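Let me begin by presenting the structure, written as structure tokens, before commenting on it.
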Amino acid sequence: MSDWNKRTKLVHGGTRRSQYNEVSEAIFLTQGFVYETAEQAEARFIETGPDEFIYARYGNPTVAMFEERIAALEGAEDAFATASGMAAVSGALTSMLQAGDHVVSAKALFGSCLYILENILTRYGVEVTFVDGTDLAAWKAAMRPNTKAVFFESMSNPTLEVINVTAVAQIAHEVGALVVVDNVFSTPVFSRAIEQGADVVIYSATKHIDGQGRALGGVVLGTKDFIRGTLEPYMKHTGGSMSPFNAWVMLKGLETIDLRVRAQAESALAIAEALQDHPALARTIYPGLASHAQAALVQKQLDGKGGTVLSIDLKGGREAAFKFLNALEIAVISNNLGDAKSIATHPATTTHQRLSDVQKDELGITPGLVRFSVGLEDTQDLIADISRALEAAQS
Ligand SMILES: *Cc1c(COP(=O)(O)O)cnc(C)c1O
Numbered sequence: 003m004s005d006w007n008k009r010t011k012l013v014h015g016g017t018r019r020s021q022y023n024e025v026s027e028a029i030f031l032t033q034g035f036v037y038e039t040a041e042q043a044e045a046r047f048i049e050t051g052p053d054e055f056i057y058a059r060y061g062n063p064t065v066a067m068f069e070e071r072i073a074a075l076e077g078a079e080d081a082f083a084t085a086s087g088m089a090a091v092s093g094a095l096t097s098m099l100q101a102g103d104h105v106v107s108a109k110a111l112f113g114s115c116l117y118i119l120e121n122i123l124t125r126y127g128v129e130v131t132f133v134d135g136t137d138l139a140a141w142k143a144a145m146r147p148n149t150k151a152v153f154f155e156s157m158s159n160p161t162l163e164v165i166n167v168t169a170v171a172q173i174a175h176e177v178g179a180l181v182v183v184d185n186v187f188s189t190p191v192f193s194r195a196i197e198q199g200a201d202v203v204i205y206s207a208t209k210h211i212d213g214q215g216r217a218l219g220g221v222v223l224g225t226k227d228f229i230r231g232t233l234e235p236y237m238k239h240t241g242g243s244m245s246p247f248n249a250w251v252m253l254k255g256l257e258t259i260d261l262r263v264r265a266q267a268e269s270a271l272a273i274a275e276a277l278q279d280h281p282a283l284a285r286t287i288y289p290g291l292a293s294h295a296q297a298a299l300v301q302k303q304l305d306g307k308g309g310t311v312l313s314i315d316l317k318g319g320r321e322a323a324f325k326f327l328n329a330l331e332i333a334v335i336s337n338n339l340g341d342a343k344s345i346a347t348h349p350a351t352t353t354h355q356r357l358s359d360v361q362k363d364e365l366g367i368t369p370g371l372v373r374f375s376v377g378l379e380d381t382q383d384l385i386a387d388i389s390r391a392l393e394a395a396q397s
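Residue numbers for the sequence shown follow our numbering, beginning at 3 and rising by one.
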């Protein structure tokens, strides 16, 4: 399997067949597993083999298939599936840190990631320094002898800054810190974060891995040592494991993710190109555009692929943004992303509402900013819908 290409791994990786030899992966909706004898139960609690399970909070065959499939895709030694993306982020960080440790984090973060770093870890004696993730000198200056981890979104939400994984990893590794990357916006299809120096990669599977807005899930990828030695004991005792049903949804999602995400990214680029000189817009942000502030880095890190999300900043601020959202006929107003359905979000009043005006300003979350997650609809239909809604926003 290790010499299969990505698309083949996504369809066949990790498959375990029961005695019925089913073609499509089975959902093992069971929380427990029967031992033949008391001696077998005792032995399994001492050492659990690869096809042996104890309790679904520790592991389950459907969940294991998902973990193996995504680990193969990502080129990671191992993976642990979690109940949501946030269970993955909090589990990865909490399991590796203790009081007295220091973390350096990019400040442009998903709201709940920011909450964990700012409000939870600090409560337990972990110090956190926030830096501008695109400023390598700031990363370097923030490192201390007790810096145990750096954390960042490799492509930030919602302003789509791209962070240099290789360069930040080099800086972090000089002080022995682990590099933890929330890789949702870069997507498992385009990112090669592990190869580029990340030690731990996290996905919210709720986004592109499901890709059809059905179930919550997350996954942490890394070395066998980290996943089984550090993360698993924490996750299995604190209860953030993925349900077998959700694992099955995610497993089937992986079979089509390459096709879906490539089609969505192609559409996103066409939409961004159509909008980039639009008179109603102050900015069109899409990492795949030649005009993106870090276009060269996008070339190097993501083979020029800008992902499936673009952000537009409407002249006329919040009023124009709201008129635009209300005039859309195809895209829905919601806050998921990576879905087959296009989704438009007004970050300043929803996902990033909690931030102060100063923080919003710093992060470029202006009143006119709309995040647009491109779905699988026809590209020309989406361009027509957006163009019409932009006209409505100006009236
Ligand atoms: C959605 C998201 C999360 C959280 O994932 P959930 O599955 O909603 O818990 C974390 N980080 C990023 C970048 C996200 O987009």
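C-beta atoms are modelled at their ideal positions from N, C-alpha and C, and glycine is treated no differently.
Since the model is a prediction, treat every value here as computed from it, not as a measurement.
My assumption, with CB atoms under 8 Å, is that residue i sits in contact with residue j. Please give the rounded CB distance.
i      : j      : result
Ser156 : Ala195 : 6 Å
Val130 : Ser107 : 6 Å
Arg18  : Met67  : 6 Å
Ala394 : Phe326 : 7 Å
Asn166 : Leu299 : 6 Å
Leu330 : Thr161 : Contact doesn't hold; Cβ gap of about 21 Å is too wide.
Buried or exposed: residue i, going by 16 or more other Cβ atoms within 10 Å of its Cβ?
i      : result
Asn7   : exposed
Thr351 : exposed
Ser193 : buried
Arg9   : exposed
Ser313 : buried
Gln100 : exposed
Pro147 : exposed
Val25  : exposed
Asp5   : exposed
Gly178 : exposed
Asn62  : buried
Pro235 : exposed
Arg356 : exposed
Thr124 : exposed
Gly51  : exposed
Ala74  : buried
Leu224 : According to the sequence displayed, residue 224 carries Gly and not Leu. It is buried - the Cβ of Gly224 has at least 16 other Cβ atoms within 10 Å.
Would the C-beta of residue i count as close to ligand 1, meaning under 7 Å from any of its heavy atoms?
i      : result
Thr208 : yes
Asn121 : no
Glu155 : yes
Met88  : yes
Asp341 : no
Phe187 : yes
Leu116 : no
Gly290 : no
Gly220 : yes
Asp212 : no
Asn166 : no
Asp53  : no
Asp184 : yes
Asn328 : no
Val251 : no
Val91  : yes
Phe112 : yes
Give me, in chain order, the residues of the same chain whose beta-carbon lies closer than 6 Å to that of residue i; leave out the 5 immediate sequence neighbours on both sides.
i      : result
Lys209 : Val186, Leu339 and Gly340
Met88  : Ser114
Thr64  : Ile29, Phe30, Pro246, Ala249 and Trp250
Ser206 : Gly87, Val186 and Gly220
Ile229 : Asp80 and Phe82
Ala174 : Val152 and Val181
Val164 : Met157, Pro289, Gln296, Leu299 and Val300
Ala323 : Leu316, His348, Gly370 and Val372
Lys109 : Phe132
Ala171 : Val181 and Gly199
Ile72  : Ala81 and Val221
Excluding five sequence neighbours on each side, which residues of the same chain lie with their C-beta closer than 8 Å to the C-beta of residue i?
i      : result
Thr84  : Ala90, Gly93, Gly219, Gly220, Val221, Val222, Met237, Gly242, Ser243 and Met244
Ile345 : Ala333, Val334, Ile335, Ser336, Asn337, Asn338, Leu339, Phe374, Ser375 and Gly377
Phe47  : Ile56
Ala144 : Val106, Thr131 and Val133
Glu197 : Gly77
Leaving aside the five residues before and after residue i along the sequence, list all residues of the same chain whose C-beta is less than 7 Å from its C-beta, in chain order.
i      : result
Phe247 : Ile29 and Leu31
Tyr126 : Ala101
Ser293 : Gln278
If you measure from the CB of residue i, is any heavy atom of ligand 2 nearer than 7 Å?
i      : result
Asn159 : As presented, the structure is devoid of ligand 2, carrying ligand 1 as its sole ligands.
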